[in-house]
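Heads up: the sequence shown begins at 0 in numbering that gives the first Met the number 0, then just goes up one per residue.
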Amino acid sequence: MLLVLAIIGGALAAGLLAGGSLRSFERMHMHWWGVAALGLLLQVAQIPWVDGESRVVSGLVVAGSYGLLMAFVAVNRRVPAAFLMFVGLALNLVVVGLNGGMPVSAEAIRMAGGESFQVADGRHHLASDEDVLVALGDTIPVPGLGLVLSPGDVVLYAGVAWFVVAVTRGRFRENRRPPARAFPMYRGKHEAPRDRPNRQTLPLVQPARGTSGTER
């Protein structure tokens with residue numbers, strides 16, 4: 000979490016140095032904030048009913064959190080770097096879903112400066128021969144911070160940094176929520192202007208001269 004805050008802070012500083020403004024965030028409208036909040040909560044919440052031997056529940060919880068965050072990004076797919084963030088989350092979801100949690104490389108822990116190979120929570124476990132797609136797990140050491148990242152984390156954090164810099168500089172378009180596909184009969188305010196009838200161009204029917212507007 001501290002790394003994410005550091006990335007956001009650095010991206011804000013870069014955007015401001017490039018002539019951006021924090022007021023640009025007032026014009027950025029995001030949808031489904033509750034889904035994003037729930038996804039983040041599942042990422043950091045403790046799971047007391049999961050012991051160190053079980054991966055089933057922890058894997059489902061982590062996979063569910065990534066799924067919620069992917070849904071949030073998909074709904075807001077018009078924002079800058081949405082594609083990068085979606086791909087990063089998808090990479091993590093794949094490896095977590097297949098292995099019941101995130102496999103962590105013991106060698107990466109050692110290179111990051113870790114002194115113990117014990118993984119503290121049920122969301123992660125040391126990579127073994129039983130795991131698949133280990134290369135997508137936590138295999139990238141960050142020396143000095145004692146952290147190990149996955150390729151999905153790197154792509155996700157790059158997308159977050161890009162998003163913050165772009166919004167700070169005002170380089171984004173309107174994040175309109177698309178119309179619901181489940182009820183295509185309703186368009187409402189989301190209907191594109193070109194699809195709406197232009198009342199100014201509708202022909203006006205006028206009664207002929209010398210006659211009234213009603214039939215006799």
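For each residue, glycine too, the CB sits at the ideal point set by N, CA and C.
Exercise for review: Taking the CB atoms as reference points, tell me whether Ser57 and Gln42 lie closer together than 8 angstroms.
Suggested key: no
Practice item. Give the DSSP bridge partners of Leu125, in chain order. Key: Its beta-bridge partners are Val103.
Check your understanding: Helix, strand or coil for Asp130 per DSSP?
Key -> coil
**Study point:** Simplified DSSP state of Gly51, which is helix, strand or coil
**Key:** Per-residue confidence for Gly51 stands at a pLDDT of 48, beneath the threshold of 50, marking its modelled position as unreliable; no derived number is given.
Check your understanding: Do you know how far the Cα of Trp161 is from the Cα of Gly19?
Key -> 13 angstroms
Exercise for review: Tell me whether the beta-carbon of Gly145 lies closer than 8 angstroms to the beta-carbon of Ser23.
Suggested key: no
Point to revise | C-beta atoms of Gly96 and Pro142 nearer than 8 angstroms | key: no
Practice item. Spell out a yes or no on whether the segment 151-165 and the segment 84-91 are touching, meaning 3 or more CB-CB pairs, one atom from each, closer than 8 angstroms. Key: yes
Exercise for review: Along the beta strand (DSSP E) that carries Val141, what are the first and last residues, could you check?
Suggested key: 139-141
Review point. How would you label Lys188, buried or exposed, when you count the other beta carbons within 10 angstroms and need 16 or more for buried?
Key: Note that Lys188 has pLDDT 48, beneath the 50 cutoff, so the model's placement of it is unreliable and the number below is only indicative. By the C-beta density criterion, Lys188 is exposed, having fewer than 16 other C-beta atoms within 10 angstroms.
Practice item. Tell me whether Ile6 sits in a helix, a strand or coil according to DSSP, three-state version. Key: Residue state, collapsed to three classes: helix.
Practice item. Kindly list the residues whose CB is nearer than 7 angstroms to the CB of Val166, restricted to its own chain and excluding five residues on each side of it in sequence; keep chain order. Key: If we look at Val166 and ignore the five residues flanking it on each side, its Cβ neighbours are Ser23, Phe24, Met27, Pro79.
Exercise for review: Could you check if Met0 is buried or exposed, using at least 16 other CB atoms within 10 Å of its CB as the buried criterion?
Suggested key: With fewer than 16 other Cβ atoms within 10 Å, it is exposed.
Check your understanding: To the nearest angstrom, how far is it from the Cα of Gly100 to the Cα of Ala10?
Key -> 30 angstroms
Review point. Glu106 to Asn98, Cα distance in whole Å?
Key: 19 angstroms
Practice item. Out of Phe71, Gly66, Leu15, Leu2, point me to the one whose CA is closest to Trp32's CA. Key: Phe71
**Study point:** Val147 - partner residues in DSSP beta bridges
**Key:** Pro140
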